[in-house]
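Participant: Everything in the sequence shown is counted per this note's numbering, starting at 268 for the first residue and increasing by one.
Built from N, CA and C at the ideal position, the CB exists for glycine as well.
Since the structure is predicted, the reported quantities are computational estimates derived from the model, not experimental observations.
So that we are looking at the same thing, I have put the structure below in structure tokens.
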Amino acid sequence: FDDLRTDNYSTWSKNMEVLLKTRRLWLATSGRYREPDYVDAENPTRAEIKDWQDWWETLDAAAGIIYLCLESSQKAHVEDFHSKGDPEGMWDKLKATYQQRKPITRFTAYDSFFSIRKEDAESLTDLYSRVTRSMTEIRNLRPAHFGLSQLNEELQCMALIHALPRPEYNNFVTLLFFL
């Protein structure tokens with residue numbers, strides 16, 4: 268699957284989760300893989316030391332796979348977490364960056380959604396899949412309290428954005444994106 272770019276988080280995150288699960292690294296990424304306990308932290312047994320080393324190696328492996336699946340421009344978001352071997356921090360940072368539940372993020376997703384056009388050699392099935400993925404991304408960006416009246420307001424803003432001629436209305440369009 269494609270590396271993470273600025274426009275494919277929804278698809279990338281699902282594929283990455285599946286990859287991490289198949290490598291038995293998802294628990295380390297989702298925060299459910301805890302550091303092993305010691306009976307006596309001052310005098311750990313060989314088994315406890317091995318458990319601790321395995322724990323660190325698992326965290327490093329998960330962080331490494333996530334890092335490898337990012338475009339170069341996206342790596343800056345998680346550099347600190349990667350250097351610490353913190354796949355959970357990496358995952359949370361990427362989610363916070365790309366799944367912000369704010370109007371501007373939804374407006375950008377709406378803009379992409381309404382810009383979808385059938386490619387020359389594209390089948391209707393593939394077109395439908397792109398439309399469905401785009402709609403799923405929009406749904407994922409909605410806050411829990413999102414209702415029909417809020418959708419109506421956002422669609423009105425999108426209609427204005429698409430109706431205004433450019434470049435003379437660029438500043439106003441930018442303002443609408445930040446409402």
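Just grab the DSSP bridge partners of L337 for me.
Facilitator: L271.
Participant: Taking the straight line between their C-alpha atoms, what separation do you get for Q366 and Y276?
Facilitator: Their Cα atoms are separated by approximately 8 Å.
Participant: Decide if the stretch 382-396 is in contact with the stretch 325-340; the criterion is three or more beta carbon pairs, one per stretch, under 8 Å apart.
Facilitator: These segments do not touch.
Participant: Just checking my contact of G352 with A376 at CB under 8 Å: how many whole Å lie between their CB atoms?
Facilitator: That pair is no contact at about 32 Å.
Participant: Taking its Cβ as the centre, do 16 or more other Cβ atoms sit within 10 Å of L408, making it buried, or is it exposed?
Facilitator: When all chains shown are included, L408 counts as buried.
Participant: Quick one: is Q320 buried, meaning 16 or more other Cβ sit within 10 Å of its Cβ, or exposed?
Facilitator: Looking at its Cβ environment, which holds fewer than 16 other Cβ atoms inside 10 Å, Q320 is exposed.
Participant: Do you know whose CA, among R373, N438, R299 and F268, lies nearest G356's CA?
Facilitator: Nearest C-alpha to G356: R299.
Participant: State buried or exposed for L442, treating a residue as buried only when at least 16 other CB atoms are found within 10 Å of its CB.
Facilitator: The residue is exposed, with fewer than 16 neighbouring Cβ atoms inside 10 Å.
Participant: Give me the residue from I428, F413 and P303 with the minimum Cα distance to D318.
Facilitator: When each option's Cα is compared against that of D318, the closest is P303.
Participant: So, with DSSP's three-state summary, where would you put I383?
Facilitator: Three-state result, I383: coil.
Participant: Starting from the Cα of K288, find the closest Cα among E315, Y395, C424 and A328 and give me that residue.
Facilitator: Taking only the C-alpha atoms, the option nearest K288 is A328.
Participant: Between the C-alpha atoms of A295 and T325, what's the straight-line distance to the nearest angstrom?
Facilitator: About 7 Å.
Participant: F374 and F444: beta carbons closer than 7 Å?
Facilitator: A contact, by the Cβ cut-off of 7 Å.
Participant: Over the uninterrupted alpha helix (DSSP H) stretch that includes S280, give me the two end residues.
Facilitator: First-last of the alpha helix (DSSP H) with S280: Y276 to T289.
Participant: In the DSSP assignment, the alpha helix (DSSP H) including A426 goes from what residue to what residue?
Facilitator: Segment L415 to A430, the alpha helix (DSSP H) holding A426.
Participant: Under three-state DSSP, which class holds T312?
Facilitator: Coil, per DSSP.
Participant: In whole angstroms, give me the CA-to-CA distance for S340 and P311.
Facilitator: Cα to Cα, the separation comes out at about 42 Å.
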